[in-house]
Amino acid sequence: MWMLKRSPIDHDLIIDKHMNIYVVFGSIHPPGRVYAYLKYISHPIKQDKNFLTSIWRYATKDLYRVLRRYSAEEVSEVLDRYNVKKFHDIVYGVEMPYLSYEDIYVHLTPEERLREIYYNPRDELELITAETVDHIRSYVNISLKDIGVGGSLLGGFHNTTYSDIDLVVYGATNACSIYETSNLFLESLKDQELEVWIKNQISLHNIDFNTAREMYHIYRRGVFKKKYITFTFPSDPRNYPSRYMSRPIRCVRAKIQIEERQCKALQYPGEAYIDKILETDVSDQYVRSQLKKLFIYEGSFSPLLFKGGVFKITGSIQKAYDFETNEEYYVLVLGSRECNTEIFRV
Numbered sequence: 322m323w324m325l326k327r328s329p330i331d332h333d334l335i336i337d338k339h340m341n342i343y344v345v346f347g348s349i350h351p352p353g354r355v356y357a358y359l360k361y362i363s364h365p366i367k368q369d370k371n372f373l374t375s376i377w378r379y380a381t382k383d384l385y386r387v388l389r390r391y392s393a394e395e396v397s398e399v400l401d402r403y404n405v406k407k408f409h410d411i412v413y414g415v416e417m418p419y420l421s422y423e424d425i426y427v428h429l430t431p432e433e434r435l436r437e438i439y440y441n442p443r444d445e446l447e448l449i450t451a452e453t454v455d456h457i458r459s460y461v462n463i464s465l466k467d468i469g470v471g472g473s474l475l476g477g478f479h480n481t482t483y484s485d486i487d488l489v490v491y492g493a494t495n496a497c498s499i500y501e502t503s504n505l506f507l508e509s510l511k512d513q514e515l516e517v518w519i520k521n522q523i524s525l526h527n528i529d530f531n532t533a534r535e536m537y538h539i540y541r542r543g544v545f546k547k548k549y550i551t552f553t554f555p556s557d558p559r560n561y562p563s564r565y566m567s568r569p570i571r572c573v574r575a576k577i578q579i580e581e582r583q584c585k586a587l588q589y590p591g592e593a594y595i596d597k598i599l600e601t602d603v604s605d606q607y608v609r610s611q612l613k614k615l616f617i618y619e620g621s622f623s624p625l626l627f628k629g630g631v632f633k634i635t636g637s638i639q640k641a642y643d644f645e646t647n648e649e650y651y652v653l654v655l656g657s658r659e660c661n662t663e664i665f666r667v
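Residue 322 is where the sequence shown starts when you use this note's numbering, and the numbers rise one by one after that.
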């Protein structure tokens, strides 16, 4: 019997009837469906079995992580390999992977799980997690109800030796606060660790060294008590359908100016208003004049865009209509499967 504890929010976990584990994507979901991508499975298909190892266990099942890298291409490959259902959605304008309500066995929410850990830590990693939250709250005025845990800690199948601490923080204002103070309560990656992180970003996103280096921020991966700490800022829930999005029209290049410190740029999926369009290969003058926003589906770009400035960007263009504000405009989408996103500061 399915049961949702509340409206699904990005980075919740869903366990299906076969004990496969999905990560909820976004915070806008249609009735009867939850958008989510597959991350852990209990029964790998034959071609994967020889390449996967399990260090996780949920209930009586060994879990195998099938999603190794967070990229649009890898997510798409995993979804196709395991025949995850898809549905063309008017809010996103593209096909979205989903679970029907009847497929859901358990819905796990980050904030509820953190309260369990905070008040009754059961192992060393949970104890460090509780201490991390106390440490953060000594620097940031944030309510405990606005913090959660993600990943294997959320599922309760973490490995005390190998698992990181993934913290989920709700609200755009809280995201800004964490961004601006995280250097006070976390240690930065240094030397070889930072070099490895930068090389991974270059490999994932086909960017230059300087762009990758600027994309690093301590909230993306910091250290406390010898454990890696990562923050995620889910976008705020909205009613369905809060907007209409056309299918991607085409890939475009643009040189744009972004105003600094847009807190929603830090959330996932992120949004940022375009201040000025300096150059673009969009020939239609009306479309150019109505290109108002960036939609960000690659969280690695968020620290860069939050700082603002002038960027050269390649992404897909889509037409949007916001039902809540009755606005019609065009958006430049970064991190979609339809276009190879490129970004660098000018």
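Cβ coordinates follow ideal geometry from the N, Cα and C atoms, glycine included.
Because the structure is a prediction, the values reported are computed rather than measured.
- One Cα belongs to V517, the other to K547, and the distance between them is close to 17 Å.
- Nearest in C-alpha terms to Y540, of all of T502, S556, D529, is T502.
- As summarised for the region 444-473, the continuous beta strand (DSSP E) elements at least 3 residues long and confined to that stretch are 468-470, given in chain order.
- Note that the region 550-570 touches the region 485-498; at least 3 beta-carbon pairs, one per stretch, sit closer than 8 Å.
- Going by DSSP, V399 is part of the alpha helix (DSSP H) stretching over 393-402.
- Contact between S637 and P569 holds, since their C-beta atoms are separated by about 4 Å, short of 8 Å.
- Counting only residues of its own chain and dropping the five nearest sequence neighbours on each side, E649 has a CB closer than 6 Å to the CB of Y642.
- In this structure, A493 is the residue among L505, A493, Q639, H456 with its C-alpha nearest to the C-alpha of F627.
- Within the same chain, no residue comes within 7 Å of D455 by CB-CB distance, once the 5 residues on both sides are set aside.
- Using a Cβ-Cβ distance cut-off of 8 Å, the region 557-564 and the region 404-421 are in contact, since at least three pairs of beta carbons, one from each stretch, lie closer than that value.
- Under DSSP, the beta-bridge partners assigned to K614 are Y594, V652.
- Contact annotation, V461 with L507: C-beta distance approximately 12 Å; criterion of less than 8 Å not satisfied.
- Counting along the chain, P624 sits inside the alpha helix (DSSP H) bounded by residues 623-627.
- Minimum Cα-Cα distance from E580 among the listed residues S604, S623, R609 corresponds to S623.
- Taking the Cα of A357 as reference, the smallest distance to any Cα among M417, E437, L615, E395 is reached at M417.
- DSSP places H409 in the uninterrupted beta strand (DSSP E) bounded by 407-409.
- If only uninterrupted beta strand (DSSP E) runs of at least 3 residues are considered, those enclosed by the region 516-581 are 543-545, 548-553, 564-566, 571-579.
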